[in-house]
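For reference, the structure discussed in these notes is given below.
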Amino acid sequence: MDKRVASAAEAVADIPDGASIAVGGFGLNGVPIVLIRALLEATATELEVVSNNCGVDGWGLGLLLAAGRIRRVVGSYIGENKEFARQYLGGDVEVELTPQGTLAERLRAGGVGIPAFYTPTGVGTMVSEGGMPWRYAADGSVAVSSPPKPTAVFDVFGTETAYVLETAIRTDFALVRAAKGDTHGNLVFEKSARNFNPLAAMAGRITIAEVDELVPAGEIDPDAVHLPGIHVDRVVQLSREDASDLPIEKRTVRERKEA
Numbered sequence: 405m406d407k408r409v410a411s412a413a414e415a416v417a418d419i420p421d422g423a424s425i426a427v428g429g430f431g432l433n434g435v436p437i438v439l440i441r442a443l444l445e446a447t448a449t450e451l452e453v454v455s456n457n458c459g460v461d462g463w464g465l466g467l468l469l470a471a472g473r474i475r476r477v478v479g480s481y482i483g484e485n486k487e488f489a490r491q492y493l494g495g496d497v498e499v500e501l502t503p504q505g506t507l508a509e510r511l512r513a514g515g516v517g518i519p520a521f522y523t524p525t526g527v528g529t530m531v532s533e534g535g536m537p538w539r540y541a542a543d544g545s546v547a548v549s550s551p552p553k554p555t556a557v558f559d560v561f562g563t564e565t566a567y568v569l570e571t572a573i574r575t576d577f578a579l580v581r582a583a584k585g586d587t588h589g590n591l592v593f594e595k596s597a598r599n600f601n602p603l604a605a606m607a608g609r610i611t612i613a614e615v616d617e618l619v620p621a622g623e624i625d626p627d628a629v630h631l632p633g634i635h636v637d638r639v640v641q642l643s644r645e646d647a648s649d650l651p652i653e654k655r656t657v658r659e660r661k662e663a
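Here our numbering runs 404 ahead of the position in the sequence shown, where the first position is 1.
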């Protein structure tokens with residue numbers, strides 16, 4: 405099946421108000437920026453986004469956030485986005501903070517049909533006991549807090565260990581970025597862009613991929629495929645200019661020693 409779509413705008417045109425969207429990327433790496441910009445130009449609002457972070461000020465998901473189009477975020481990191489922190493603390497956006505590894509597994513579980521799983525991460529903290537602020541009120545009080553989660557003790561290799569039950573994540577749509585893809589939707593990711601992108605793609609009921617390079621079906625060695633096309637519904641080929649739009653999140657330099 406040929407899954408090519410002519411433009412990013414066409415690919416995201418049916419994303420409605422209130423949709424949940426899993427978005428790949430980590431910081432500025434592997435972010436489906438062209439699809440995000442197309443979504444920004446569209447009308448969908450009140451979105452629920454599931455992503456490791458919410459971009460940075462002026463780039464990535466930070467664009468949708470600054471435009472007031474995101475209602476809720478499920479993620480593991482706020483740090484580099486001042487607007488994200490401002491909206492969260494000001495009660496403008498609801499945030500479900502989740503340990504990073506747990507978030508990754510929740511996405512993977514959603515993709516493979518596992519409804520929930522036990523993990524030791526977060527046991528004995530607000531992650532399992534509840535009370536983590538999800539939304540603040542305008543006066544700074546907590547308007548919505550996380551509920552407690554079921555826990556259980558298992559004998560693991562002769563040691564009784566407490567675990568917390570985490571539910572899988574399944575979203576209406578997923579937006580991902582790949583270095584290479586074919587017309588059937590098989591994808592190859594570049595280095596650390598492989599972290600959250602395959603997992604986000606698996607979690608989406610409708611998954612849209614933007615690719616730096618698009619090749620005919622069968623040209624990618626099956627052993628080199630990182631994500632099979634069964635998980636991908638639409639593929640958008642990036643222009644050379646868009647594919648090279650790769651900003652550096654943190655630039656660290658040092659003075660050269662004199663010769």
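Ideal Cβ positions, reconstructed from N, Cα and C, are used throughout, including at glycine.
Query                                                                                                                                                                                 : Result
Is E450 buried or exposed, if buried means 16 or more other CB atoms sit within 10 Å of its CB?                                                                                       : exposed
For the putative contact between K511 and A423, defined by C-beta atoms under 8 Å, what is the C-beta separation to the nearest angstrom?                                             : Checking the displayed sequence, the identity of residue 511 turns out to be Leu instead of Lys. Contact doesn't hold; Cβ gap of about 16 Å is too wide.
Would a C-beta distance cut-off of 7 Å place I419 and F577 closer than the cut-off?                                                                                                   : yes
State whether the region 582 to 600 contacts the region 533 to 549, with contact taken as three or more CB pairs (one from each stretch) at a distance under 8 Å.                     : no
Rounded to whole angstroms, what's the CA-CA distance from R490 to Q504? Just pull it up for me.                                                                                      : 22 Å
Counting along the chain, where does the alpha helix (DSSP H) carrying R581 start and finish?                                                                                         : Here R581 belongs to no alpha helix (DSSP H); instead the beta strand (DSSP E) covers 575 to 586.
Once you ignore the five residues that flank I624 on each side, which residues in its own chain have a CB closer than 7 Å to its CB?                                                  : K584, D586, N590, V592
Considering only C-alpha positions, which residue in the set G431, E414, D421, A508 is nearest to E653?                                                                               : G431
Using 8 Å as the Cβ pair cut-off and three pairs as the minimum, do the region 606 to 617 and the region 633 to 642 touch?                                                            : yes
The alpha helix (DSSP H) with A412 in it runs from where to where?                                                                                                                    : 412 to 416
Give every residue of the same chain whose Cβ lies closer than 6 Å to the Cβ of G515, excluding the five residues on either side of it in the sequence, and list them in chain order. : M606, A607
Under the DSSP definition of a beta bridge, which residues are partnered with I624?                                                                                                   : Paired residue(s): none; I624 is not in a bridge.
How close, in whole Å, do the beta carbons of V568 and Y522 come, if the pair is a contact with beta carbons under 8 Å?                                                               : 7 Å
Residues in the same chain with beta-carbon distance under 8 Å from L493, minus the five sequence neighbours each way, listed in chain order, please.                                 : Y540, G544
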